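Written out below as structure tokens is the structure these notes cover.
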Amino acid sequence: MLTINVEFLGGLDAIFGHVREHTVQVEDGSNFRELTQHLVEHLLKDRKDEDVFIEDGSIRPGILVLINDTDWELEGEDEYELQDKDLITFTSTLHGG
Amino acid sequence: MLTINVEFLGGLDAIFGHVREHTVQVEDGSNFRELTQHLVEHLLKDRKDEDVFIEDGSIRPGILVLINDTDWELEGEDEYELQDKDLITFTSTLHGG
Amino acid sequence: EPSNGYPLSLDEYSRYGRQLIVPEFQGVQGQVNLKNSKVLVIGAGGLGCPALLYLCAAGVGKIGIVDNDYVDKSNLHRQVLHTTNRVGMLKCESARVYLENLNPNTEIETFPIRLDNDNVFEVMSGYEYVLDCTDTPQTRYLINDGAVLCGLTIVSGSGLKTEGQLSILNFQNQGPCYRCFYPNPPPPNSVTSCKDGGVIGPAIGMVGIMMAYEAIKLITGYYTMENFSPFLTIYSSYPKQSLRTFKMRGRSEKCAICNGTITRKAIESGEIDYQAFCGTIHYRVMD
Amino acid sequence: EPSNGYPLSLDEYSRYGRQLIVPEFQGVQGQVNLKNSKVLVIGAGGLGCPALLYLCAAGVGKIGIVDNDYVDKSNLHRQVLHTTNRVGMLKCESARVYLENLNPNTEIETFPIRLDNDNVFEVMSGYEYVLDCTDTPQTRYLINDGAVLCGLTIVSGSGLKTEGQLSILNFQNQGPCYRCFYPNPPPPNSVTSCKDGGVIGPAIGMVGIMMAYEAIKLITGYYTMENFSPFLTIYSSYPKQSLRTFKMRGRSEKCAICNGTITRKAIESGEIDYQAFCGTIHYRVMD
Ligand SMILES: [Zn+2]
Ligand SMILES: [Zn+2]
Numbered sequence: 001m002l003t004i005n006v007e008f009l010g011g012l013d014a015i016f017g018h019v020r021e022h023t024v025q026v027e028d029g030s031n032f033r034e035l036t037q038h039l040v041e042h043l044l045k046d047r048k049d050e051d052v053f054i055e056d057g058s059i060r061p062g063i064l065v066l067i068n069d070t071d072w073e074l075e076g077e078d079e080y081e082l083q084d085k086d087l088i089t090f091t092s093t094l095h096g097g
Numbered sequence: 098m099l100t101i102n103v104e105f106l107g108g109l110d111a112i113f114g115h116v117r118e119h120t121v122q123v124e125d126g127s128n129f130r131e132l133t134q135h136l137v138e139h140l141l142k143d144r145k146d147e148d149v150f151i152e153d154g155s156i157r158p159g160i161l162v163l164i165n166d167t168d169w170e171l172e173g174e175d176e177y178e179l180q181d182k183d184l185i186t187f188t189s190t191l192h193g194g
Numbered sequence: 195e196p197s198n199g200y201p202l203s204l205d206e207y208s209r210y211g212r213q214l215i216v217p218e219f220q221g222v223q224g225q226v227n228l229k230n231s232k233v234l235v236i237g238a239g240g241l242g243c244p245a246l247l248y249l250c251a252a253g254v255g256k257i258g259i260v261d262n263d264y265v266d267k268s269n270l271h272r273q274v275l276h277t278t279n280r281v282g283m284l285k286c287e288s289a290r291v292y293l294e295n296l297n298p299n300t301e302i303e304t305f306p307i308r309l310d311n312d313n314v315f316e317v318m319s320g321y322e323y324v325l326d327c328t329d330t331p332q333t334r335y336l337i338n339d340g341a342v343l344c345g346l347t348i349v350s351g352s353g354l355k356t357e358g359q360l361s362i363l364n365f366q367n368q369g370p371c372y373r374c375f376y377p378n379p380p381p382p383n384s385v386t387s388c389k390d391g392g393v394i395g396p397a398i399g400m401v402g403i404m405m406a407y408e409a410i411k412l413i414t415g416y417y418t419m420e421n422f423s424p425f426l427t428i429y430s431s432y433p434k435q436s437l438r439t440f441k442m443r444g445r446s447e448k449c450a451i452c453n454g455t456i457t458r459k460a461i462e463s464g465e466i467d468y469q470a471f472c473g474t475i476h477y478r479v480m481d
Numbered sequence: 482e483p484s485n486g487y488p489l490s491l492d493e494y495s496r497y498g499r500q501l502i503v504p505e506f507q508g509v510q511g512q513v514n515l516k517n518s519k520v521l522v523i524g525a526g527g528l529g530c531p532a533l534l535y536l537c538a539a540g541v542g543k544i545g546i547v548d549n550d551y552v553d554k555s556n557l558h559r560q561v562l563h564t565t566n567r568v569g570m571l572k573c574e575s576a577r578v579y580l581e582n583l584n585p586n587t588e589i590e591t592f593p594i595r596l597d598n599d600n601v602f603e604v605m606s607g608y609e610y611v612l613d614c615t616d617t618p619q620t621r622y623l624i625n626d627g628a629v630l631c632g633l634t635i636v637s638g639s640g641l642k643t644e645g646q647l648s649i650l651n652f653q654n655q656g657p658c659y660r661c662f663y664p665n666p667p668p669p670n671s672v673t674s675c676k677d678g679g680v681i682g683p684a685i686g687m688v689g690i691m692m693a694y695e696a697i698k699l700i701t702g703y704y705t706m707e708n709f710s711p712f713l714t715i716y717s718s719y720p721k722q723s724l725r726t727f728k729m730r731g732r733s734e735k736c737a738i739c740n741g742t743i744t745r746k747a748i749e750s751g752e753i754d755y756q757a758f759c760g761t762i763h764y765r766v767m768d
């Protein structure tokens with residue numbers, strides 16, 4: 001099993017029990033898409049909030065995803081193969097001024 | 098040998114070749130005092146600047162010392178036994194306002 | 195005015211001396227660059243107020259302020275460039291009153307208008323840098339597209355509640371832009387404004403000052419194509435004040451503005467409809 | 482004035498509404514705490530200006546400003562609460578002019594004096610929090626000793642060139658103090674002032690806003706004996722803007738002020754000589 005550290009910032013913790021930092025276990029060889037599925041199934045408090053997090057099978061626009069402090073686009077997005085002790089950060093883009 | 102990461106902030110890098118981050122090797126079992134001695138002998142550019150860094154055989158007042166982001170006073174100061182991959186931070190206390 | 199071949203006047207040396215002796219500031223050349231720079235600040239609210247204060251104080255030669263809002267009492271807990279006795283005044287004019295007293299060397303141009311497809315190119319012409327201090331996605335996309343087409347580097351800031359975000363976009367017209375980062379807008383119901391979500395004054399103040407600082411680094415020439423790397427910095431204030439910087443993607447070939455799919459003509463004709471792109475904005479109705 | 486049993490007036494709800502809806506602000510009680518709070522700001526310079534702006538805007542009930550300096554043109558690149566047309570005015574009075582317009586709800590008390598052994602207790606009496614926005618070690622030790630003996634929590638900030646430092650000291654009269662952190666002063670020749678070393682405006686501005694924010698967290702009741710842990714935060718601005726927070730020692734039994742060795746009497750009699758303790762201050766001569 002892989003141990004993955006997950007954090008929800010920018011107010012996203014609201015749909016994950018108001019907890020910002022989580023540690024989850026996923027199977028060896030899992031990719032990012034499988035982690036997302038795991039988060040929806042196990043960490044999301046209310047499945048009605050799924051569309052706050054997911055749109056068309058991937059992370060919805062307006063949520064930034066960082067893999068070890070790097071834009072997930074540089075790491076392969078949904079296809080990224082998870083490594084043990086990865087830090088995955090989700091945060092809302094903010095628009096207020 | 099132990100690999101120790103050392104950083105000089107708050108302008109202290111000026112006497113260490115204007116380089117903020119260094120990696121040094123010290124012998125297993127070394128304590129903090131021995132690291133300090135090593136820095137003076139190997140990293141200090143000009144031995145005339147020793148009193149900017151050392152006073153009465155220890156780090157001079159006005160320099161903050163952190164061991165892995167923790168005040169060195171909580172870690173035993175000069176007697177602290179170094180661990181492999183420790184991060185040691187030296188920074189000047191600032192007084193400007 | 196400078197005289198006898200010196201690049202700055204005695205008055206300027208005495209006003210700016212404390213900053214131009216700091217090595218990272220790039221010395222007298224840094225100050226001369228600031229003096230010759232033209233910076234457009236869009237939004238004179240929670241982000242714009244502190245950004246304007248520090249840009250003007252530092253000696254930016256010309257500052258444009260775009261805002262068609264009026265000072266309201268509910269702004270004053272965070273919009274510290276406005277005052278109780280200027281409630282009801284246009285924010286851009288309220289800002290001008292103070293900034294002209296802070297530093298008479300800075301020329302202030304005010305635009306009491308809402309930025310839109312028809313005026314964005316005219317407003318941006320003549321400016322080199324733009325600070326996006328606005329508060330809706332559609333305005334952020336509009337500023338982005340105008341800046342990419344006009345060649346302005348963008349300092350982008352935002353904040354809400356206790357957090358903020360900071361980026362440099364379209365760096366030297368070669369770095370990634372807002373659309374490169376965010377090709378698709380967020381669903382409109384996921385967007386919260388400061389009005390609805392609230393914001394703590396110093397939280398948005400921190401982001402505003404960081405924006406002014408990034409603009410100063412750009413103008414003084416600290417950033418180069420060699421050392422610049424696309425980033426997004428996040429400020430959080432609880433439980434402790436902290437900053438984290440993430441490494442971000444570069445310019446994208448798929449970006450509709452960077453690859454030329456969206457043209458100036460398409461924007462000016464209204465073919466690019468920012469309201470439609472970002473969805474119906476229910477939260478605007480609550481103004 | 483509040484009426485009908487509401488803790489805040491309608492005017493106050495409209496002025497502070499955007500901040501008091503943020504959960505971390507502790508709601509209406511947070512605002513009432515601010516309204517009833519008395520904060521002393523020592524130094525109306527590079528740190529004091531932004532701190533004063535955001536404390537006053539947020540609704541602190543009473544702010545004392547201690548500064549016997551006059552506004553000089555060389556201050557204005559960073560001391561954004563003063564203006565060119567107020568050059569030559571006392572800084573504390575220049576600050577008052579602006580702050581009274583920013584938020585008439587805040588009572589401003591000015592002290593156009595240099596803090597010393599003779600006046601420190603009188604100045605501090607009646608205040609609950611003190612922001613140390615000063616620029617020499619001897620004043621920092623004096624403020625510390627006065628605050629510990631008078632029971633004030635200290636928000637301590639400092640900055641130079643491109644960096645800054647931030648701490649909360651003597652938290653609820655139980656946390657570590659400046660002397661706990663620094664029992665021995667630095668050698669006088671190692672101390673650089675903003676005058677000599679220079680400072681970039683937004684760098685010191687960031688620390689000033691952080692100080693205001695920490696004061697707001699203290700006053701609104703966010704920090705408790707349970708969640709408070711001694712810290713020192715370092716702000717750096719090059720190559721990127723960053724914050725790092727270090728875990729610091731607790732109150733020290735060996736600390737001369739915390740353990741009662743230094744008494745009010747010893748300070749008032751001049752037995753404690755801060756000038757002698759910190760050494761001859763050559764850089765003061767250069768003023
Ligand atoms: Zn693009
Ligand atoms: Zn103490």
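Chains as they are written, first to last, in my numbering: chain L, 1 to 97; chain R, 98 to 194; chain Y, 195 to 481; chain G, 482 to 768.
We put the beta carbon where it would ideally sit given N, CA and C, even for glycine.
Since we're looking at a predicted model, the values are computed, not measured.
Minimum Cβ-Cβ distance from residue i to chain L less than 8 Å
i      : result
I403/Y : no
E465/Y : no
Per-residue contacts from residue i into chain Y (C-beta, under 8 Å)
i      : result
R60/L  : P380, P381 and S384
L9/L   : E357, I428 and S430
I770/G : No answer is possible for residue 770/G: it lies beyond the span of chain G, which begins at 482 and ends at 768.
Closer than 8 Å to chain G by CB, residue i
i      : result
V217/R : What the structure shows of chain R is the stretch from 98 to 194, and residue 217/R is not part of that stretch, so it cannot be assessed.
V282/Y : Note that residue 282/Y is Gly in the sequence shown here, rather than Val. Judged by the 8 Å Cβ criterion, G282/Y is not in contact with chain G.
T277/Y : yes
Chain Y residues whose Cβ lies nearer than 9 Å to that of residue i
i     : result
L12/L : Here the premise fails: no neighbours, minimum Cβ distance about 10 Å.
CA-to-CA distance, residue j to residue i, given in whole angstroms
i      : j      : result
T89/L  : F315/Y : 37 Å
V504/G : Q510/G : Per the sequence presented here, residue 504/G reads as Pro, with Val not at that position. Distance between the alpha carbons of P504/G and Q510/G is about 11 Å.
I743/G : D599/G : 15 Å
P720/G : H115/R : 14 Å
P488/G : E588/G : 19 Å
I700/G : D78/L  : 45 Å
N68/L  : L9/L   : 14 Å
G369/Y : L64/L  : 18 Å
G415/Y : G444/Y : 21 Å
L650/G : N517/G : 21 Å
is_contact[residue i, chain R] using C-beta, thresh 8 Å
i      : result
V509/G : no
F758/G : no
L536/G : no
V541/G : no
Per-residue contacts from residue i into chain R (C-beta, under 8 Å)
i      : result
C675/G : G193 and G194
R730/G : D168, E170 and L171
Below-8 Å beta-carbon distance, residue i vs any chain Y residue
i      : result
L82/L  : no
D69/L  : yes
V766/G : Only weak support exists for where V766/G lies, its pLDDT of 35 falling under 50; the value from the coordinates is given anyway. No, because no Cβ of chain Y sits closer than 8 Å to the Cβ of V766/G.
Q653/G : no
M687/G : yes
Within chain L, the residues that residue i reaches when beta carbons sit closer than 7 Å
i      : result
S361/Y : Within chain L, no residue comes near S361/Y; the closest Cβ sits about 10 Å away, beyond 7 Å.
L437/Y : The contacting residues do not exist; L437/Y stays about 12 Å from chain L at best.
Contact list for residue i against chain R, beta-carbon separation under 9 Å
i      : result
Y663/G : P158, G159, L161 and T190
Chain-ordered chain R contacts of residue i [CB-CB under 7 Å]
i      : result
F727/G : L163, D166, T167 and D168
S639/G : L191, H192, G193 and G194
Partners in chain G for residue i, counting only beta-carbon separations shorter than 8 Å
i      : result
V393/Y : R499, Q500 and V503
Proximal residues, the region 694-714 of chain G versus chain R, C-beta separation under 9 Å = P711 and L713
Near-chain Y residues of the region 595-623 of chain G - C-beta to any C-beta below 8 Å = none
Residues, ordered as in the chain, of the region 487-512 of chain G that lie near chain Y by beta-carbon distance below 7 Å = S495, R496, Y497, G498, R499, Q500, I502, V503, E505 and F506
query = Got a list of residues with beta-carbon closer than 5 Å to any non-hydrogen atom of ligand 1, in chain order?
reply = Cβ atoms closer than 5 Å to ligand 1 belong to C371/Y, R373/Y, C374/Y, C449/Y and C452/Y.
query = Relative to chain G, which residues along the region 259-274 of chain Y have a C-beta separation below 9 Å, given in chain order?
reply = D266, K267, S268, N269, L270, H271, R272, Q273 and V274
task = Please name the residues in the region 572-593 of chain G whose beta-carbon is closer than 7 Å to at least one beta-carbon of chain Y, in chain order.
result = N582, L583, N584 and P585
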